[in-house]
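For the sequence shown, the working numbering begins at 4 and goes up steadily by one. Please read the structure below before turning to the comments.
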Amino acid sequence: MMTILNQMPVVQAEMLIRRPVQEVFEAFVDPAITTKFWFTKSSGRLEAGKHVRWDWEMYGVSDNVYVKEIEPNKRILIESMDGTAVEWIFTSRADDETFVTIKNSGFAGNGDEIVRQAIDSMGGYTMVLCGLKAFLEHNMILNLVADKAPDAHV
Numbered sequence: 004m005m006t007i008l009n010q011m012p013v014v015q016a017e018m019l020i021r022r023p024v025q026e027v028f029e030a031f032v033d034p035a036i037t038t039k040f041w042f043t044k045s046s047g048r049l050e051a052g053k054h055v056r057w058d059w060e061m062y063g064v065s066d067n068v069y070v071k072e073i074e075p076n077k078r079i080l081i082e083s084m085d086g087t088a089v090e091w092i093f094t095s096r097a098d099d100e101t102f103v104t105i106k107n108s109g110f111a112g113n114g115d116e117i118v119r120q121a122i123d124s125m126g127g128y129t130m131v132l133c134g135l136k137a138f139l140e141h142n143m144i145l146n147l148v149a150d151k152a153p154d155a156h157v
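Listed below in structure tokens is the structure:
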């Protein structure tokens with residue numbers, strides 16, 4: 004049976020991080036911080052118009068992302084090498100609170116493939132936000148990404 008989608012999914016993961024918006028924004032721009040809760044290696048900081056490589060060394064996978072737009076402390080928009088777009092929106096709620104919204108869109112393939120990608124993305128970005136929260140609020144590295152699929156390590 005062929006699956007037909009009436010609307011392309013847009014994944015949205017959100018989390019309140021009890022840290023100032025500048026600190027939360029920097030956690031995604033500066034790979035020295037991001038490697039504490041997401042990927043293991045990066046070719047550099049996120050800057051508009053720049054291509055950056057992210058590696059998850061434990062899985063032997065990488066992504067080459069293109070940074071389309073950056074609005075300091077407000078928004079990041081990238082395009083992954085699979086053609087999907089990821090947008091981070093940072094909303095300051097108080098001096099020490101930031102609401103982070105991550106949207107992922109542009110999934111390709113047949114209906115089943117698109118649904119699988121969207122579900123994987125939702126789980127992945129939710130896990131990234133949980134890792135970010137633990138790191139920034141409690142200075143804890145939870146190893147969530149590495150521990151998600153320990154049998155898949157290379």
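By construction, the Cβ of each residue, glycine as well, lies at the ideal position given by its N, Cα and C atoms. None of these values were measured; they are calculated from a predicted model.
Measuring C-alpha to C-alpha distances from L8 to each of P34, D115, K71, D99 identifies D115 as the nearest. Counting the other CB atoms within 10 Å of its CB gives I81 a total of 16 or more, which places it among the buried residues.
Apart from sequence neighbours up to five positions away, the residues of its chain that approach E90 with a beta-carbon distance below 6 Å are L80, K106, ordered along the chain. Closest option to N76, judged by alpha-carbon separation, among P12, V32, S46, S65: V32. Taking F40 as the centre and dropping the five residues before and after it, the same chain places the C-beta of A30, V131, G134, L135, A137, F138, I144, L145, L147, V148 closer than 8 Å to its C-beta, in chain order. In the structure shown, Q15 falls within a strand segment according to DSSP collapsed to helix, strand and coil. Here the alpha carbon of A88 sits roughly 15 Å from the alpha carbon of D123. Residue pairing by DSSP puts T101 in a beta bridge opposite I20, S95.
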